[in-house]
Each structure stands twice: as structure tokens, then as C-alpha cells.
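The opening residue of the sequence shown carries number 5 in this note's numbering; numbering runs sequentially from there.
Just so you know, even glycine gets a beta-carbon here, dropped at the ideal spot from N, CA and C.
These numbers come from a predicted model, not from an experiment.
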Amino acid sequence: MAQLILTAAGSAAASAGKAGLGTLLARTVASTAAAYAAGAAERLIFGPRKRTVEGPRLESFQIQSSTEGAGIPRVYGRARLAGQLIWAAQFRETLAETTESSGGKGGRLSASKTTVREYLYSLSFAVGLCEGPIDRVARVFADGKPFDISKRNVRVYRGTEDQTPDDLIAATEGSAPAFRGLAYVVFENLPLKDFGNRIPQLSFEIEKSLGETDPDALENALSAVTVIPGSGEFVYGTTRVARDAGEGVTLPENANNNDGVTDFSASLAGLLAAAPNLAAASLVVSWFGDDLRAGLCALRPGVEIADKSTMPAPWRGGGVPREAARLVSRIGGRAAFGGTPDDRGVVEAIAAMKAKGLAVMMHPFILMDIPPTNNLSAPDGAPSQPAFPWRGRITPVSDKSAAAAAEVAAFFGTAAPSHFTAANGAVGYHGPAEWSFRRMILHYAHLCALAGGVEAFLLGSELRGLLKTRDGAGNFVAVAAMRALAADVRAVLGPATKISYGADWSEWQGLTAADGKYFHLDPLWADDNIGFIGIDQYAPLSDWRDGFDHADLAAGWNSRHDRAYIAANIEGGENFDWFYASDADRAAQVRTPITDVHGEAFVWRAKDIRGFWENAHHDRPDWTRSPAPTPFVPRSKPIRFTEIGVPAIDKGANAPNVFFDAKSSESQLPPFSSGARDDLIQRRALEAVHAYWRDPAKNPLSSVYGGRMIDADRLYVYAFDARPFPFFPARGDIWGDAENWARGHWLNGRLTRAPLDALLTALGGAGVEASAVAGALAGYVIDRPLSPRQAIDPIADVFQIDMAEREGGLSFFPRGGAPVAAFTPEDFALADVSGGAGPAFTLRFAQNSDLPTAVRLSYIDEGGDYRPAVAEARLPYADETREAGFEIAAAMDEAQAGARARSLLADASVMRETLSFALPPSALALEPGDAVRLDLGAGARDYRILSIEDGADRRIEAVRVSPAVYDAPIATGGYRPPVINAAPGQPVFELMNLPMMREGDDPAAPYVAAFADPWPGAVALYRLAGAPVLAATLPARAVMGRLEAPLPPGWAGRLDRRTMRVRLSFGALASRSLDEALAGANTLAVETAAGWEIVQFTDADLGADGVWTLTGLLRGQSGTDAAAGAAAGARVVLMTPAVEQPAFALDLKGLALDWSAGPADDPVSAPTFRTRTVTATARGLAPLSPAHLRAAKRANGDIAVTWIRRTRIGGDSWTGEDVPLGEAFERYRIEIRRAADGALLR
């Protein structure tokens, strides 16, 4: 007797515990068959009793160590590893000395010098990461915080088999291994001061795609991308730009990452590492249209904020400054779009991509900025226009008329190449006052010329409603205007640039109108200035439905993710073989074949690229075939997919053109989509398209130009974002479209993911078949030597993947597949499963008390910087808690982990039902793992075969399955905002001429306070007289603000009962007692027209408006009563230890000097430094004016004048004692003036 057994990969139907549940590996089939069959149902419910299978450990990945003989981890996809310290040199000690000169105390001019010695330590070392080759190290963390290595001497070795030894290690050791096959990182002389003079706990985000095991993987196939977002004022720049929000607050405009570079630079680096065969990129740059009526539509560059100060340069886009641009609409208090990318950034992006060897195509793009609340009449007469519509809906109000031709003319405008000038790195315009399509296109043509040229240039894209427009004589006037524009662009860019138009997938091959079919774009495609036929290719690639009753499943296709299935729909399926005549036909799958009476079916097929390219075209006016062909010459020009993409959404291949965007009227789901996220459908569809058109048998050569029909190296995949993952989409507070990422067309964050089929193949080795498995992980880590079984078990458990021995190898397949056969009890063998008379089947149910009521899944949270996390699913009304625990060393986001936990919990309820029955030998085709549909009298149900014991009949053990359980929808979201070490900008600083505020201070030197947000760690102050001289380093930011209301003068020496209102840029104030204030607490320096007044306060209250109200004021302290009184907006500084004194020589007194302050790590020439001119007056050396001046007239007519001396040293006591002199001599200057006119008398 022979027995076949399905090796079920775990079950959630288990009792509490963290061990894998019910997993057996196929290689143990022979030895465990009998035992497995006897207790299959019990194991599914209660779990294994004596089995220990330990997979990769979650806790082992982020603790750095140095262990001899430690295992080398393997990474698939993305993961965060701490690694092993594999080499270190001796600590390097550096002595830093600084000498400060100062004037003497008490006004004495004797100089003193103070020398400060500080010992600094650095270390060179190497950290081994994992088995190579890896794609890259994406991020580095030090002591759990993001660590920017761009300013450190760090070298990354990817772990190739030909890497050479590191020069530093070799020089230090004399000879050194190359560590071939090991990815590692070398830190050279890393300063340790910020880490407490120790090696920090380092961890590294590793990216390693599975492309090396799959030549058709998307990472290998990708050769061209479309770079978006097309909007964002500085999104494409390689120069960091920051917004000056005032008072030292700097907001990054285009550096929202931790790589020390701009977002575009960081994103481009990730793209190039993930897609090694990338050769071309299309750069999308947008202007904004404001009306769907072509004659009224103005196209203008836009900005997000009307008044924005940016450093190091202001925005200039479309050739105009910010004040001349359109302010984009606002939705929910934020801009509906990013602004037009500034021209300098566009030039920088072109240069950066060309420097990386990419051929650049410029793609000017129109975004329609029409908000929901508009009163614009629609072209069809509706009272308003749809919100944020597709540009393809721009059209004249009428067609086939002179008015239509006039509207087209107004849309295109009259701007000419001669109206533009390129000088000083910018393009200017001096033509007619119009915001037209020609102005937009010609501006970017000149900008590309300024950038040194581009490989290709598009005359816009998807203007379907415009290009179908005809005048009264039936001429396609917009097509003619496009041809004229192509000639002008050619004049600007020269003969080397390929020019074309990106036609929508529904318009490129012609127009089907009420009066016939026209190849209306053929004059454009045939034009000598057009270098290729451009198609934004979003034609349907599938027609999949849920369930087991639909046409494509009946045709033999088993999965919507099957690359072969998708490939069959490239030149087949909808819009090729057949079409749906109505929505009702689509719902019922009533397919109407596409035929043609003249044998030219390609005329009607939106996907028949081959038929279009190989044949002459004949218009069908009034549905009659014209005898004369159009100007198009067959096989004369190549075809490029100027865009091709698939959304990462359930059944995205059913309608690749649709997208989900809540604010747009165009937002929709693909037909029959659940709306759940599905990364794999995007990957598989794009892989299928690339593999299909790279096959020479499907992509013929042209005898005219010698190339292939479709330029397979120019399939511009939509889209790769200039905003780097994971910061986009995690930072939804910065980017308003972040929520669209989860189900959108973005490649960011999806390249380098680990598809489960490829992962299982890599882990299982030769003989593994896993093509039926769907799904993907962000990453998976093998932390030590493991058997294939140990590595695979956690994946199979969590993703409900079954396996069986088939055709001499292991086959993996998803639980809940389509039934391969259907049976009723009448089909069963006559004998019962025990061999005697009786029932033909046995149905068993586990009791509720044996089922888990909760599932806890421990995983690595991709959206939380790869920290360990737990996803939990619970039955809502359970009386008690019985937990089933799973652990997997896989990186996934919170949404995916939650979906897995819910699916596992639901699976427990389904798998409580097991069945034993027998079939006759005629059912020989059945195998373990097959699903069968059985109607046992209570309706048809699906069961999965666990084991088959062959004898006189086939005795089968099966368990209930429910397909809806296993395809748990993945919610959107799951990414938490990562910490961004924002690049600091210019600090605000004050050099204050104050009296000596502390004993031991330099009386000649001013005081300096600085503030910046973000704080750079320390601010350096330089004196710029001659060569820059470092005057001070401020390690802490000062508490600074401004007066919200005027502060009138007050009396010194008594409490001022008035209030003082202050708004702070940073920090807080606190109330103190009067005694504490008299002892020096709560001291403020307030800027006045006459200098600085020292004010103290006792009470501080923070209002709801963020303004502090200060009371209990002591005015004119430290002899500053002459400077009392300040205007609203005056600077206020809290005198804390953060306020320091710069090095200052007395001979600099009275000189107007330039002082510059900025981040201590930046050179003084950097744009992050702010420069001010300040004259230091050595205020601390100035004796205080006398107090209590009195004059009395004596009997002899003399006037007796008396006063009380004050001192600047040790004299600000409240005890009433006589104060020390504090000066070398006691001298006074007395002036007598006439009261009437102030004339000096003596």
C-alpha cells in the first residue's frame, strides 16, 4: 500500500504557543506518512506535541557584537542588521587646544590668555553585515538614531566575489583579506565624542533584491522609468533648499531624508542600486491648467505659497519668479498640488541623471487645477467642471467648426522660439502676454538646451480631447498645430534629440467618431521632426474576477499574478480579440469579437501595435474605407511606451490606467477590484510586458531603420518618485499625496521587495516549484545556518502556503486554490474509510474550546524602522482568551501583518472541520494539496486533500478550506513618520553690548546668543575681519524671542507692575520668587533703540496664543536704565549659560565688524551662515552713571550738587551696603546746561 501526504505548512487552528503549527517538510514524507494521516485533524486543531522547529530569531538582528565564528546572515529584500565588528585599529587621540585673549577685569587693560585643552578620540573599524552581493546600504542608525554618513569617511563593500581588500585595513595590518562574498562597511577615523568615546551601536538597512535568481525580475528588467511627481517647487534639485520661516526656524524644502543630500539625489541613488540595467528616465515637469474649455484654458507655472523666502535662492519656474506664478488651489488647508519644479532644479536633475549614464527624456505635463467648488461651465454645458480632472478632457466647446479651430489656436498660442532667451543659467520670455501651450513647451525646450540637451523630448501627452478637434472643413487642426510646434522644438534642440508626443493608449491608433474612423495622428507620426511613436500604454492586461466561475479561470488560467496569463493579454484579450459592448456585457463577460470586413481588424484594436506598425492605414470616413493611405509609412518609426504602469491594487492589471485619489473626479478602482493593496500584481504585469517585448520573436525588426518595432529599452515605467522611500509616503505631514502611494503606480518601496515565489525558490534550492504562490515581503533574514525546512517553515505558516512532493520535487501552492474536481457521496467508494460497511465518509468538528480566540504575530515592522512588533487579531465576543502565536523574521508593514493575523485567525475556524472519505481508483489524478468541491447534502464546500492512501480504493484525509480567508485584503497605511535629521539652516544670532553679567566675564567682550531650528548641534561664530577667525562655538541654543507689544520705559530700583508680552522661538519661561529674581534669576536682555536693557521678572504665564505674559518686572538692571523702553518686535534674550562671550581683543572696540554664524560642521562660506555687521563697544568696561543726582542752592547763591556712585563690579547688591569702586580712578564729568534750551554753560 502506498501513501501520499500533503505537507501542510502550519495552521492557525492551534492552541496557545509560539512554535510553528502543524508543519512537515516534504523530505520527511516517507517516514511520517502513517502517523500524519492518523492524526492530521488533531494536529491541525491542537498543534504539534513533540516538534521543535526554530527559524530565524527576531531579537538577533539589531544588537551589534564581535563574536568569533558567528554565522553570516542572508538577506532577501530589505532588512536592518547590526552586523559583527570584524576589524578595528587602535584608537587615535587628538589634542585640540584653543587660546582666548581677554582684557583685564575691573577696567584694567592688562591682557590675559586662557588655553583650553581637549582630548578627542576617533577609531577606524569595519563591520561585517551579511552575505553579498547586496544592492546597497540604504540607511545607517547609530544608537538607534538615524546617522548621516555623508560627512564621514565611510566605505561600503557590497560583498561581490571580486572585491579587493580595503586600503586602510591593508595599510594597517600589512596584509588583509578582501572578505569576498561578505558585505561590510569600513569607518575611517570616526569621531567618538558624540557617542561617549565608544563605538556606537550601529545598524544598517540593507537592500538586496532576488534578481540574481530570477532574470525576469522587475529589478533586472527595468530599463527606463518616468520620474515624478512633476510638481513640488524644489523637488528635482540637487542643491539643498530650505525655507526661512523666520526667527532661525528653517524648514527643508527638498532634503526630507537622512542621507545628507536632497530628496532627488537620495531617491536616484536608491533607484540606480535597485535597477542595475536602468538606461533612461523621463522627467515630468508640470504647469497648471485652469479650464477644460480649450479656448479659455491658461497654462501657468504654479507655486504652493505666495510668499515664501527660500535659501540659497528664490524659486523661479517656467521662467518667472514666485510673484508671477499661479497660486495652486488649497484643499483642507493645504496645497492641492506641489508647485512647478523650479528651473534650476530641473537643470540639476537633467545633469545628475546624465552624469549617471541615463538618457533623459523631457516630459512637459499638464495638471488641471480645477477645485471642487468652481463655477466654470463645462465643455458639454454642465454648470461646473469636475474636480481636478484629467488633461485629456481639455476640448473645445464645439467641434467641426471655425469656433473650434479658434479655441485650438488660443490654447496653443503664438509664442515663438525667438521670444525666449537663455542667459546666466536661466530662460527668459519676452513674447506675447499669453499663458499658452506653446509657451510651456518652448520654455522647456530652451531649458533642455541650457542643460546641454536631452536624448528625447515630448510635446506633452494625453491631450486626447484636444487632438481630435476638427475645423469646419474636417481638418484636425490641433494635430497640425502640434506638427508646427515640433518643428520649432527641433529648431531649439537640434537634430540629435528625438521628438514625439505621448499619446494616450485610447488615441494613438486613431479616432473612432460618429462619422467614421480616422488615423488622425498619422500626419504627426509621419512628420520628419517626429523621431518615434509615443504611447502612454495603459491598455487592459487581464480580465480577472473573484471566485471560481469566470471566463479566464475556465480557460485554464489559475492566477491573476501569473506572468504567462498577463503576457497572453498583451496581444490578446480585451481590446484585441474582443471588447465589451456595455457595462452589462462586462459584468456577464459577454465578449464581442473584434472583426473587420476588409480584413484589417487592427483598425479597431486598441492593443494591436503590430498590426498598426506593419500595415498601411486607410481612414474610414462615413465608415467607408478610403482607397488612399494616410501619410504613415509602415515600419518607418520605432514605438516607445512613453508611460507604462500598473497600480498596486487588487486586479490592477484589469485597468492599468485608473488610479485612486480621493480629491480627483477621475479616481476609481479597476473593474471588480476590492480596493485592497496588491504589490505583486504591479510587479508581475510589468515583468510580463518587459519579457514579452524583449522576445525577438514577438518584436520584429524594421527594414527601414534597422531596429525593433518597439524600443524595449525605452519602456518608461510609471513611476519612480523623486521623493525617497520610506520618507515618502511616511511623511504625510509634508506631502499631501502620500496616502495614494499604497495603491498607486509608484515603484518606490516596491523594488527590492521579496516575492514569495522567488523567496521560496531561493530558500529551497533546486527542485522547488513555487510559481503559484502570490504575495511579497519587504524582507526576510536568515540570521544563522539553517536547514531549508527551518528557513521556509515560518513563511509557509504565516502565509498559509502548502507544499507537496510532485514530479520528484517540492511544489508550493497557496491554500484555497480552485477545486480540481467535484464529488458527491454517490461518487465515493462503497466501503467506508475503516474498510467495513457503514457510511462512505466521516466528518469531524473540533469543539469551540479547542480553537484559538486570538492570534499574535511577531514580525519586523518595516514601517517602524524595522523594530520588532506584534500584530494581533481577536474574536470580538470570545468568553476567554486562547492565543496562537507565530513568529517570523520577516519585514512587513503593519497593514500586511494585521492582514496575516486576521487570516490566520479565520483559518482556525474553517480548519476545525476535517473529512475522511474514499474514492475509486479512477480518481488517480488527485494529489495531496488539491482542492475538491464536495456536496455532502448541506451545500457544496471546498476541502483540501491532506493525504491519500492507495489500495483497493483511494482513502483520503481532507480539511475544510475557504478561499476568502486566505486572500485577506491589505489595508492602506502602515508607515509611521521616520525621524528626519533635517539639515540646519541659518541661525539667528545677537551680538549684545551688555554690562558684565557674571563675575569672571570678559568686560570688553560682547555677549552672543544663537538659535536655530533644527539645531545643528553647535553654532560657530566667526569674525570676518580679514581671514575668518573662529570667535566662539555655542553648544546650546539660547532662549530667544520678540516683544509682542511695546515695553514703555520703567523706573529702576522698584517693581514695575506693568506687563511684558513675549513670543519665544524656543524654550519656556518659569515663574520665580522675588528673592530668586533679586538673586539674578529670570534675567532678560531686551533690545532697545539705545542699546540693551536688562529686565528681570517674577511671574510668567503662557497664553493660548503662545505668548508669554511677564509681570513683576525689575527694570534697568546692571546700569541699563538709560536704555529702558522698547518697541514691539524688539529682540528678547533669556540670559542663560547658552549665552556666551566670543574671543575679543580690546583693540577691536568701536570697529564695525562683520560677524558670521552658522552650523559648526559647515565651512564659513556655506549658505547656512548668516552674516551681520556689529560694532562692539566694550560695554562692560564703561563705568555706570551716578545715581540719585540732587542739587541744592546755598545761602551764598552757590549750587551744591550731590550724587551716589555706582559700580559695575560687585555693586548690584540689594543689601544697601556701600559698593566697591571697581575702577582705577574715581573721576566724573559734569556738564551744566541751561534749562530753557539745553545750551552748555560749563
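Note on the region 428 to 498: whole beta strand (DSSP E) runs with a minimum of 3 residues are 430 to 433, 460 to 465, in chain order.
Using a Cβ distance threshold of 8 Å, D170 and R159 count as a contacting pair. If you check the CB distance, A310 and L282 do not come in under 8 Å. Short of 7 Å from the beta carbon of D294, and not among the five residues preceding or following it, lie these beta carbons of its own chain, in chain order: C301, A302, D373, I374. Cβ-Cβ distances below 8 Å link L928 to R958 in the same chain, with the five nearest sequence neighbours on each side left out; the list follows chain order. Our two residues, R1176 and E177, have alpha carbons roughly 51 Å apart in a direct line. By the C-beta criterion, the region 792 to 810 is judged not to be in contact with the region 877 to 885, since fewer than 3 inter-stretch pairs fall below 8 Å. Contact between A742 and R735 holds: their C-beta atoms lie close to 7 Å from each other, under 8 Å.
A direct Cα-Cα distance of roughly 6 Å separates L1193 from T1206. Looking at A228, L861, T1179, R494, the one whose alpha-carbon comes closest to that of N997 is T1179. In this structure the region 986 to 1000 touches the region 1087 to 1099; the number of beta carbon pairs closer than 8 Å is three or more.
When DSSP states are grouped into helix, strand and coil, K197 belongs to the helix group. By the criterion of at least three beta-carbon pairs nearer than 8 Å, the region 459 to 479 is in contact with the region 350 to 370. Note: G813 is bridge-paired with R810 in the DSSP secondary-structure output. When the Cα atoms are used, R590 and P823 turn out to be separated by approximately 25 Å. Leaving aside the five residues that flank A482 on each side, the residues in its chain whose CB is nearer than 7 Å to its CB run, in chain order, V412, L470, L471, T473. When secondary structure is reduced to three states using DSSP, N224 falls in the helix class.
With 16 or more other CB atoms across the displayed protein chains lying within 10 angstroms of its CB, E1048 is buried. Secondary structure of G933 (DSSP, three-state): coil. Per DSSP, reduced to three states, the secondary structure at I138 is coil, with no helix or strand assignment. Assigned with DSSP and collapsed to three states, I232 falls in strand. For W697, no beta strand (DSSP E) run applies; the uninterrupted alpha helix (DSSP H) run containing it begins and ends at 683 to 697, by DSSP. For I309, the secondary structure class from DSSP, reduced to helix, strand or coil, is coil. For V141 and E209, the gap between their C-alpha atoms comes out near 6 Å. Each residue's CA atom was taken as its position, placing K667 and R84 some 36 Å apart. Residue range 347 to 359 is occupied by the alpha helix (DSSP H) that includes K358.
Annotation for E165: R184, G185 place their beta carbon closer than 7 Å to its own, counting only its chain and skipping 5 residues before and after. Boundaries of the beta strand (DSSP E) harbouring V1033: 1033 to 1038, taken from the DSSP string. Here the alpha carbons of G132 and R549 stand approximately 48 Å from one another.
Here the alpha carbon of L89 sits roughly 16 Å from the alpha carbon of R162. A927 sits in a helix when the DSSP states are folded into three classes. Secondary structure at Y569: helix, using DSSP grouped into helix, strand and coil. Below 8 Å, too few C-beta pairs join the region 701 to 720 and the region 237 to 250 to call them touching: fewer than three. With respect to the 8 Å criterion, P1010 and Q1145 are classified as neighbours on the basis of their beta carbons. Around V992, the same chain offers E251, G252, A1014, F1015, A1016, M1044, S1069, R1174 as residues with beta carbons nearer than 8 Å, after the five sequence neighbours per side are excluded.
For R247, the enclosing beta strand (DSSP E) has its first and last residue at 246 to 250.
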